[in-house]
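Residue numbers (UniProt numbering), protein chains in the order written: chain A, 1 to 387; chain B, 1 to 387; chain C, 1 to 387; chain D, 1 to 387.
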């Protein structure tokens, strides 16, 4: 391996997403044959002491407290953005303009305008060989990558129905404290943008189709929550607690979507079911190593939903891991994401999902919010030129 | 048992529903201690020979070919209507005016106007002690009756979400023939009225709440189908193949509904999930003896969705049947329905679901159709005075 | 239908099994096209008043208090024995000798000697056209009859493993009272003969093979239980609470068996899994309408256990019932049993399972008891000449 | 962190187990707060070139081709043995005598005599502060560690039944090639020692009880397999393809065990079910993030097996990982194993499972083989003095 095969990574943010990304950066080159080996060059956070402790813990070689400095570092060739959505545009655009590859956590931004600007920056940077990717990690669940492959192979025929749900319950308790994810300024929206974005992206990924229009509604069940500052006072929740919408796909199918943090007992139930003219597929992240498949071309006397354990060597990403039946976990989605990004960087390819994909999701979220604010009226989603 | 304890039943129609009702009428008095014993007096059908054969097969003592004659019979005290929806109003109203109790299959009628007229007739008849009931048989699945009891007992707290689906796949094949259920004149609507009606009724039944408004869409995937007359020509499908809508409940919760005959591989997946502030419930008719329950008041380290086998003696209707773990089947829902109807007749009570309940469902279906035809705009459901 | 097409049935016993059989006799001719129509002629019990009440409730035309009188009745052509096992030999042999067809509940008898005598009587009667059947009703679960068909069709290849369990929990509580099922004199054995007999029979039925030898153990966890007579005194439990054994099949496969009434939370979990060289099948009675099938000849990337809903028209017995996805319940196994018995009687065929099948099961149970009493030493099961 | 807080690790072997252990050594200190930080000092293999490539890939700093040299290295304080079972005794005893801590993969050895000698060596070394552990990694599945905690807390009461199965299917095809795992000289036994050992250990771990006696049988379905040398000739399979045995626990319960590589369609179905007087637990590694629990102290009308997602912060090992519902994978069991080992080394504690635990398992396996060779006669397992 030559020096040219190494890629210095600088990461901004080190909480939940930062920890997951770190585990992935540490692991990817040990498990996959990537053309490029990542080097965990520097971690950036606002407070020097906390950032230094995190860097030692997570395995980053250096520390920065100013993201502009991080971008300037000569040993950083790729910037990994793990901060809340309101900071994404500024950091991503600056990094791209500085010629650094960018991996940006989802949702790409908090508005269509911002996402659009970022996508423009990504397009300009691409002309100079600079790569960008938005972090819809669930595309890298082997069972879901397998689902996409099966759809592309025609195994379920023409898609009639998509049934997508992302169900969590972590703020069911009204005394659960206020946090940045419940603040529109920081997070853009609530369940809609945080988890609804994932099922919109997955629908596009697995079906290979676009959403053409929506009719939606949102709701905030608990409008105030205790502040975490010990003051005893309450802060206003300015985002949705739950969102639901119906939609149409450009292939002629119908879809229903639901994203909520109030589905009591559902911890991370990201579910996707597709019904086609030749078969069906179903998935639930709470059983992430399984894909259900019904083959409608079989004799009806022995047909039924089969449970594919997506752990065979032939399944996406699995050749690098363990024998059949030895499942993977949540963090592997990030390791696979890094693998695909490194592969694209190493081969001058375009990593997916692109910022344009992130923008397409943002358009859908914006349409849902528009419909929800206008008597649920049908709202068309602007056609995306390139995906 | 005196002669007064016997109740002569006359049934109109003898295909799928008629066979199911016959099995229930034969069984109910042998299994349950009903105050009134049904007597299978007469079966009514249009063709004398076929009707006679059906009557012998199904166990009816006499035959009529004119439903007006059936109503006039002195040995018929209750008329059981198992014909397509377009015939319900005329038969039901005539029977009620003749002082005969009425059990009418769902949906109550093909329009709000008809359902309204029937409900008025039922109210007038009730003043004379004549009983009426609409046949939403799924209310009598023990697991669903248990769900209602648990909701009423506060086991899941304030309801935040209802997720209702009725998924079938019996006309996925575009060469599957034309039939009356696909003809708006006979059936009123397609998946919406046939199976969507069930999940609307069940939502009202289990939650004890009304639906206040909807935003919906419908679709016909296969617009023409071969006629069953051997002519080789095609008939137009004039109803929806699938319907989806979002809704709100008067208790403040959100709901999503989906009814389709194109969910490949789903045979009779009538599913209902409720998420409340204190717990959740989930049901799928394909596993009709099971109710899933998550108790959010438990310690989180041992909490989880439990699978209640709804076969314990304490569960609704189960005392009369078999030991725990020995499940029931589809037709038992009708046996239980007849048991509750006979109990109401025998005690001068009001059987449920009433025609007013049937009308309430019809209002929801009409609102969905209105919304679907008007850019999915939010459409309020008229408030029901009595339920 | 002529008088000759009618078959008078006389039943002995009217508790749990009697109620289930009555429901089946009432239903079978209404649902299936049987050549012979059963007539519920007379019910026999020891106490006249209770028996009369049961007869009215369950639909029997007459009452007897002496089983010998029942056998003598001219309107009784078939005797259905639903009493505890210690009474089976005397009644069954007398009925057969009187030229009456016999349906005898399982286990056939409480010992090999008795079962052998009954089988001899059945062979002699057969020469005179008299039919006999032992009531292993679970053979008539559609999913299990489908499993047998698939094994016979070679869908799972050479059988390597059978994994059979019958798990119940109804006497886990040590204060649950003494009853006849816990008395060796009446019941022969405990879990072994009551429920273990079913999984031995099903193994023979589904695989088409015999068990050649066993090594077993049994245990009584609660040796004394309160008498139900209000005396406050305790009675000795003289049967096993649980039994487990390993076995070999004459086709070269291995098998494990377990029968227990102490599997807390398992209500009626009769489970059977077969692993063959070309596939596998799995079943659990708690989900009785489902059969799991793994086809090992499929491409491994889409292979997996599929859940067949055994409710298709092509599935055994299902043509007569409801549309796909509309499941059956426990009592249907008896209706199907009566259908097959009537078919055999009507066509001069040999109904299955025969008394010889019942004897074969008894030989296995005896071998398990012998092994359990002799340090679990391997115990061969005598070869059955005819099955 | 001082130099003393670092612990040099030397690993022998780098195939399947070596890769899994490497991933764990790389990860453990980044995720858990261990008192001691592992340093991946040296990897040992027979061929220099292959070992060097593996070391670079897996992240080991140096390479050895002689395990005695590895033990001598001053930068190696702990030896991790990932080779086939026949090499365990020599390496482990030498390492212990040299004062190096030892982690030895399971099974501890290929015979009781060897395991006994290793346990003696471990006891002697322990007096000098040298630690040893056998690698039964499945003890570190959070759901199984939770099961043990719940049993210890009395949540299922007195254990009546253990039902343990380890089902795989990777050599169902008779043309699947010969390998060291099928050679008695190298592997000791087949399914029995390879996977049966795990369920024996887990039974001891979760119940806290010993197995007192067994009756067993084993079988080799495919006695010859093609050699992997391209010669076209076949090698003899000298181990069992499958083993089954019944057993008793010193707490009075019964147990059934089955280990096979011929359970077609079961990829890594390590299943454990426990039925106790107060409840039941069930687990299947194919759904490794789930534990099923039935609480028999609940009201029977709402009781049922609940699915605990073992991903809550309060669950064993989970505080260090992701939010609820974000599951772990196979390799995490090794990371947790390393965490517990490092904790023991750092606190002068005794890591579990000890070599004595490994010996106890070996005694059970030997008893099964003895019984299998002697007409399945009941065979007592020697009492273990210390565990």
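Here a beta-carbon is modelled for each residue, glycine too, at the ideal position from N, C-alpha and C.
Every value quoted in this text rests on a predicted model; they were computed, and no experiment measured them.
Contact set between residue i and chain C, taken where Cβ atoms lie within less than 9 Å
{"i": "residue 242 of chain D", "result": "160, 161 and 254"}
Secondary structure of residue i, DSSP reduced to three states
{"i": "residue 179 of chain B", "result": "coil"}
{"i": "residue 192 of chain A", "result": "helix"}
{"i": "residue 89 of chain B", "result": "helix"}
{"i": "residue 50 of chain B", "result": "helix"}
{"i": "residue 199 of chain C", "result": "helix"}
{"i": "residue 5 of chain D", "result": "helix"}
{"i": "residue 221 of chain C", "result": "coil"}
{"i": "residue 370 of chain B", "result": "helix"}
Cross-chain neighbours of residue i in chain D, by beta carbon under 7 Å
{"i": "residue 378 of chain A", "result": "Simply none; closest approach about 33 Å."}
{"i": "residue 183 of chain B", "result": "In chain order: nothing, as chain D lies at least about 44 Å away."}
Residue i versus residue j: straight-line alpha-carbon distance, rounded
{"i": "residue 379 of chain D", "j": "residue 253 of chain D", "result": "16 Å"}
{"i": "residue 207 of chain A", "j": "residue 173 of chain B", "result": "21 Å"}
{"i": "residue 31 of chain C", "j": "residue 77 of chain C", "result": "22 Å"}
{"i": "residue 387 of chain B", "j": "residue 354 of chain B", "result": "Per-residue confidence for residue 387 of chain B stands at a pLDDT of 41, beneath the threshold of 50, marking its modelled position as unreliable; the derived number appears in the next sentence. Cα to Cα, the separation comes out at about 7 Å."}
{"i": "residue 212 of chain D", "j": "residue 372 of chain C", "result": "16 Å"}
{"i": "residue 221 of chain B", "j": "residue 16 of chain A", "result": "44 Å"}
{"i": "residue 364 of chain A", "j": "residue 202 of chain A", "result": "13 Å"}
{"i": "residue 338 of chain A", "j": "residue 158 of chain D", "result": "49 Å"}
{"i": "residue 224 of chain B", "j": "residue 178 of chain B", "result": "8 Å"}
{"i": "residue 2 of chain D", "j": "residue 20 of chain D", "result": "Below a pLDDT of 50, predicted positions are generally treated as unreliable, and residue 2 of chain D, at 46, falls in that range; the measurement from the model is reported next regardless. Approximately 28 Å, taken between the alpha carbons."}
{"i": "residue 318 of chain B", "j": "residue 151 of chain B", "result": "19 Å"}
{"i": "residue 67 of chain C", "j": "residue 14 of chain C", "result": "13 Å"}
{"i": "residue 360 of chain A", "j": "residue 351 of chain A", "result": "16 Å"}
{"i": "residue 237 of chain C", "j": "residue 256 of chain C", "result": "26 Å"}
{"i": "residue 357 of chain C", "j": "residue 190 of chain D", "result": "37 Å"}
{"i": "residue 61 of chain C", "j": "residue 22 of chain C", "result": "12 Å"}
{"i": "residue 105 of chain C", "j": "residue 135 of chain C", "result": "4 Å"}
Under 9 Å from the C-beta of residue i: neighbouring residues of chain D
{"i": "residue 246 of chain C", "result": "215, 216, 217, 244, 245, 246, 256, 258 and 376"}
{"i": "residue 280 of chain C", "result": "169, 263, 264, 265 and 266"}
{"i": "residue 293 of chain B", "result": "302, 304 and 306"}
Top-ranked residue by Cα proximity to residue i, from the options
{"i": "residue 316 of chain A", "options": "A/79, A/302, A/333 and A/300", "result": "A/333"}
{"i": "residue 307 of chain B", "options": "B/296, B/297, B/287 and B/269", "result": "B/287"}
{"i": "residue 8 of chain D", "options": "D/80, D/313, D/139 and D/279", "result": "D/80"}
{"i": "residue 309 of chain D", "options": "D/240, D/214, D/142 and D/181", "result": "D/142"}
{"i": "residue 156 of chain C", "options": "D/161, D/249, D/263 and D/242", "result": "D/263"}
{"i": "residue 214 of chain C", "options": "D/377, D/149 and D/367", "result": "D/377"}
Within chain B, the residues that residue i reaches when beta carbons sit closer than 7 Å
{"i": "residue 267 of chain C", "result": "309, 311, 324 and 325"}
{"i": "residue 300 of chain D", "result": "312 and 314"}
Proximal chain F residues relative to residue i, where beta-carbon distance stays under 8 Å
{"i": "residue 23 of chain B", "result": "Absent from the structure: chain F. Protein chains present are A, B, C and D."}
Interface residues of chain B facing residue i [CB-CB closer than 9 Å]
{"i": "residue 305 of chain A", "result": "265 and 266"}
inquiry  = Report the start-end ranges of each beta strand (DSSP E) in the segment 299-359 of chain B that is 3 residues or longer and not cut off at the edges.
reply    = Counting whole runs of 3 or more residues, the segment 299-359 of chain B contains the beta strand (DSSP E) stretches 305-309.
task = Enumerate, from N- to C-terminal direction, the unbroken alpha helix (DSSP H) stretches of 4 or more residues contained entirely within the segment 107-166 of chain B.
result = Counting whole runs of 4 or more residues, the segment 107-166 of chain B contains the alpha helix (DSSP H) stretches 112-127 and 142-152.
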